[in-house]
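Asks: Numbering-wise (the numbering used here), the sequence shown opens with residue -19 and increments by one.
Have a look at the structure that comes next, please.
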Amino acid sequence: MTCAACANRIEKQLKKQPGVDACSVNFATAKATVKYDPGKTNVAALVQTVKDTGYDTAGTARAEFVVDDSARPSGSGTPLEGHLMKRNGVVKAAFNLANQTVAVEYLPNSVDVKQIRAAIEDFGYNVREVSGISDSAEDSLEHAHAAEYSDLKRKFLVAAVLSLPILVIVMSHGRIELFNFRGVNWLQLVLATPVVFYSGWQFYRGAWAAFRHRAAGMT
-19 MTCAACANRI
-9 EKQLKKQPGV
1 DACSVNFATA
11 KATVKYDPGK
21 TNVAALVQTV
31 KDTGYDTAGT
41 ARAEFVVDDS
51 ARPSGSGTPL
61 EGHLMKRNGV
71 VKAAFNLANQ
81 TVAVEYLPNS
91 VDVKQIRAAI
101 EDFGYNVREV
111 SGISDSAEDS
121 LEHAHAAEYS
131 DLKRKFLVAA
141 VLSLPILVIV
151 MSHGRIELFN
161 FRGVNWLQLV
171 LATPVVFYSG
181 WQFYRGAWAA
191 FRHRAAGMT
């Protein structure tokens, strides 16, 4: 989010979802608090609503469970995924039949690894190993912010390096013989393309999302 209008837009979209009783989005902390009916919606649907509005989500944790299903008939892992998705706080569950692992994305403030493991074992699977545990929502959010900063810094540097020669060419107004050659316009196009479609793409994506929802933001 880049402004209070973004928070208001997310809040309005969440309130429109079936089963949502109340919702509050705090721009200062970049957090959404949602009261909902588990029988009508779930965390995954709410997260997807935020993404459809044009924003990414952070503050989730991930864990991978190595399971043994020898006690169950072989087949698809879809029933287990559905079973886990019913748990409050589980955002996503993916069962890899090839290596017998269950990858779970969840909200640490709503559910923990022990509860997820218990849910898997209640479904008839033996959990042999757990890896990639991260129970801190604050740590996850901090890592997400650090990754976003690193990504923006990289895009800025790319844009700055490629824009500088364009600026020199344009400001020369044809007075520098070095830039008076037949393909100078093509050169500027080649230099400007990554600036527009790599460094600036996220801003176009945000603007398009705002346009679809008849809103405006700082993007």
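Glycine included, each C-beta is placed from N, C-alpha and C at the ideal position.
Quantities reported herein were computed from a predicted structural model and do not represent experimental measurements.
Can you check DSSP and say which residues form a bridge with E85?
Replies: Locating residue 85 in the sequence shown gives position 105, counting from the first residue. DSSP output for E85 lists R42 and K72 as bridge partner(s).
Asks: Report the option in D1, G(-1), A12 and P(-2) whose CA atom is closest to the CA atom of R(-11).
Replies: Sequence index remark: in the sequence shown, residue -11 carries index 9 (1-based). That would be A12, whose Cα lies nearest to the Cα of R(-11).
Asks: Looking at the strands, I want to know which residues DSSP matches up with Y16.
Replies: For the purposes of this step, residue 16 is identified with residue 36 of the sequence shown, where counting begins at 1. Its beta-bridge partners are V0.
Asks: Please list the terminal residues of the continuous beta strand (DSSP E) segment that includes V107.
Replies: In the sequence shown, residue 107 corresponds to position 127, counting from 1. Residues N106 to S111.
Asks: Keeping to the same chain, check which residues put their C-beta closer than 8 Å to that of E101; ignore five residues upstream and five downstream.
Replies: Residue numbering aside, residue 101 sits at position 121 when the sequence shown is read from its first letter. Result list for E101: V107, in chain order.
Asks: Is the region 2 to 11 in contact with the region 60 to 80, if contact means three or more CB pairs nearer than 8 Å?
Replies: No: fewer than three Cβ pairs fall under 8 Å.
Asks: Starting from N160 and walking both ways along the alpha helix (DSSP H), at which residues does that stretch end?
Replies: By one-based count along the sequence shown, residue 160 stands at place 180. Unbroken run through N160: none, as it is neither H nor E.
Asks: Check whether the Cβ atoms of R42 and V110 lie closer than 8 Å to each other.
Replies: Here residue 42 refers to the residue found at position 62 of the sequence shown. Here residue 110 refers to the residue found at position 130 of the sequence shown. It is not a contact, given that the beta carbons lie outside the stated cut-off.
Asks: Just mark N22 as buried or exposed, buried being the case when its beta carbon has 16 or more other beta carbons within 10 Å.
Replies: Numbered from its first residue, the sequence shown carries residue 22 at position 42. Classification of N22: buried, given that the 10 Å Cβ count is 16 or more.
Asks: Have a look at L132, D17, A172 and L137 and flag the residue whose alpha-carbon is nearest the alpha-carbon of F183.
Replies: Position 203 of the sequence shown holds residue 183. Here the closest residue by C-alpha is L132.
Asks: Taking the straight line between their C-alpha atoms, what separation do you get for L60 and Q(-3)?
Replies: Stepping through the sequence shown from its first residue, residue 60 is reached at position 80. Stepping through the sequence shown from its first residue, residue -3 is reached at position 17. Cα to Cα, L60 sits roughly 26 Å from Q(-3).
Asks: Would you mind stating whether L171 and L142 have Cβ atoms separated by less than 8 Å?
Replies: Within the sequence shown, numbered from 1, the residue matching residue 171 stands at position 191. Within the sequence shown, numbered from 1, the residue matching residue 142 stands at position 162. Contact flag set, yes.
Asks: For V46, collect the residues of the same chain with a Cβ closer than 6 Å to its Cβ; drop the 5 residues on either side in sequence, then sort them by chain order.
Replies: For this step, residue 46 is matched to residue 66 along the sequence shown. Counting only Cβ-Cβ distances below 6 Å, and skipping sequence neighbours, we find T81, R108 and E109.
Asks: Pull the bridge partners of V47 from the DSSP assignment, please.
Replies: On the sequence shown, position 67 is the one that residue 47 refers to. Looking at the DSSP assignment, V47 forms a beta bridge with V107.
Asks: Who are the Cβ neighbours of Y86 in its own chain at under 7 Å, not counting the five residues just before and after it?
Replies: Taking the sequence shown and counting its residues from 1, one reaches residue 86 at position 106. For Y86, where only same-chain residues beyond five positions count, the Cβ hits under 7 Å are T40, A41, G69, V70, V71 and I96.
Asks: Between V91 and R67, how many whole angstroms is the CB-CB distance? I'm expecting something under 8 Å.
Replies: To locate residue 91, count along the sequence shown from 1; it is residue 111. To locate residue 67, count along the sequence shown from 1; it is residue 87. Their Cβ separation, rounded to whole angstroms, is 6 Å, which keeps V91 and R67 in contact under 8 Å.
Asks: Looking at the structure shown, is N6 part of a helix, part of a strand, or coil, going by DSSP?
Replies: Walking along the sequence shown from the start, residue 6 turns up at place 26. Correct three-state label for N6: strand.
Asks: So what's K11 in DSSP terms, helix, strand or just coil?
Replies: Reading the sequence shown from its first residue, position 31 is the one you call residue 11. Three-state DSSP puts K11 in a strand.
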